[in-house]
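Reviewing the structure listed below.
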Amino acid sequence: MIRRRWCWVMPCALSAVSDPRKGFADPRPRSDVPGQSQSRGSAMVRPALAAASLFALTACQGVTIPAMTAPTPPVEQALATECRGDEQAGMRLSQSVNAARLAEGKRDLATDARLDRIALAHACDMARTGRADVAGSNGSNVVDRARSVGYPTCGVVQLVGTGAGPEAVVGAWLVPGPQREQVLGQLSYQIGSGVARGADGRLWHSTVLGNNCR
1 MIRRRWCWVM PCALSAVSDP RKGFADPRPR SDVPGQSQSR GSAMVRPALA AASLFALTAC
61 QGVTIPAMTA PTPPVEQALA TECRGDEQAG MRLSQSVNAA RLAEGKRDLA TDARLDRIAL
121 AHACDMARTG RADVAGSNGS NVVDRARSVG YPTCGVVQLV GTGAGPEAVV GAWLVPGPQR
181 EQVLGQLSYQ IGSGVARGAD GRLWHSTVLG NNCR
């Protein structure tokens, strides 16, 4: 919340005490009648000034104005969780994918920090939930997770698995079927991988392939 101060001052109070010749307030009462009448005029002015001052102090109290906030993106367009993971295992996972591609005459994929981040975040999520699935525990898919880190979403693919090590997981992906086609696909140019260990000691693997909308 933003707290602003507002103050209203009565024009009549200013005109009653302002002295343009001196440039500041003149506390003396104004009256055209000398002597006794002047004293009575002073007695009438003082209560008016006191009332005006009280009004000004009351008006200067803080006024609370609701702060402007940016709209919150849908919960699925965010990473469900993040953790440190096993950095070396993540590197081995990407290297194993590239080795399999080179063996089939495919191009080498360049690593991308954004893809590494969403791949690791999803590995952490799987390790926490104990479920190997491309869907996140918050309802996200790989496109949502790519959006959350600012990666172009027109060509992202995700592969997941659990096993003893990165090389064994990639070997399972290379069995003829949809996952093999994704690993060896010619539309991918970049890669990111992450590996996290669950409470039961199992390793959870996640790889994301992308083409940065080329």
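Using UniProt numbering, you'd call the opening residue of the sequence shown number 1 and step up by one each time.
C-beta atoms are modelled at their ideal positions from N, C-alpha and C, and glycine is treated no differently.
Nothing here was measured: the structure is a model prediction, and the numbers come from that model.
Less than 8 Å separating the beta-carbons of residue i and residue j?
{"i": "Ala123", "j": "Val208", "result": "no"}
{"i": "Arg145", "j": "Ala121", "result": "yes"}
{"i": "Gly192", "j": "Asp116", "result": "yes"}
{"i": "Leu79", "j": "Ile118", "result": "yes"}
{"i": "Thr81", "j": "Asp125", "result": "yes"}
{"i": "Val160", "j": "Ser206", "result": "yes"}
Would you mind working out which of the options sits nearest residue i, comparing C-alpha positions?
{"i": "Gly163", "options": "Ala80, Arg131 and Arg214", "result": "Arg131"}
{"i": "Trp204", "options": "Leu79, Ala80 and Gly90", "result": "Gly90"}
{"i": "Cys213", "options": "Val143, Gly165, Gly161 and Ser206", "result": "Val143"}
{"i": "Pro178", "options": "Thr129, Arg147, Gly210 and Gln158", "result": "Gln158"}
{"i": "Gln186", "options": "Ser206, Asp112, Thr129 and Asn211", "result": "Asn211"}
{"i": "Gly165", "options": "Asp112, Gly201 and Arg147", "result": "Gly201"}
{"i": "Ala199", "options": "Thr129, Gly136 and Ser148", "result": "Thr129"}
Suppose you measure from the CA of residue i to the CA of residue j; what does that come to, to the nearest Å?
{"i": "Asn138", "j": "Gly155", "result": "22 Å"}
{"i": "Glu104", "j": "Arg114", "result": "26 Å"}
{"i": "Ala127", "j": "Ser140", "result": "16 Å"}
{"i": "Gly150", "j": "Val175", "result": "32 Å"}
{"i": "Pro66", "j": "Val134", "result": "Caution is warranted here: a pLDDT of 46 is assigned to Pro66, below 50, making its placement in the model unreliable, and the coordinate value is therefore given only provisionally. One C-alpha to the other measures close to 40 Å."}
{"i": "Arg197", "j": "Val169", "result": "14 Å"}
{"i": "Arg147", "j": "Asp112", "result": "14 Å"}
{"i": "Arg101", "j": "Gly136", "result": "27 Å"}
{"i": "Lys106", "j": "Glu167", "result": "18 Å"}
So residue i and residue j are in contact, right, with Cβ under 8 Å, and what is the actual spacing, rounded?
{"i": "Tyr189", "j": "Ala110", "result": "7 Å"}
Any beta carbon of chain B sitting closer than 8 Å to that of residue i?
{"i": "Ala135", "result": "Note that chain B does not occur in the displayed structure, where there is just one protein chain."}
### Task
Would you check if there are 3 or more beta carbon pairs closer than 8 Å linking the stretch 78 to 94 to the stretch 179 to 189?
no
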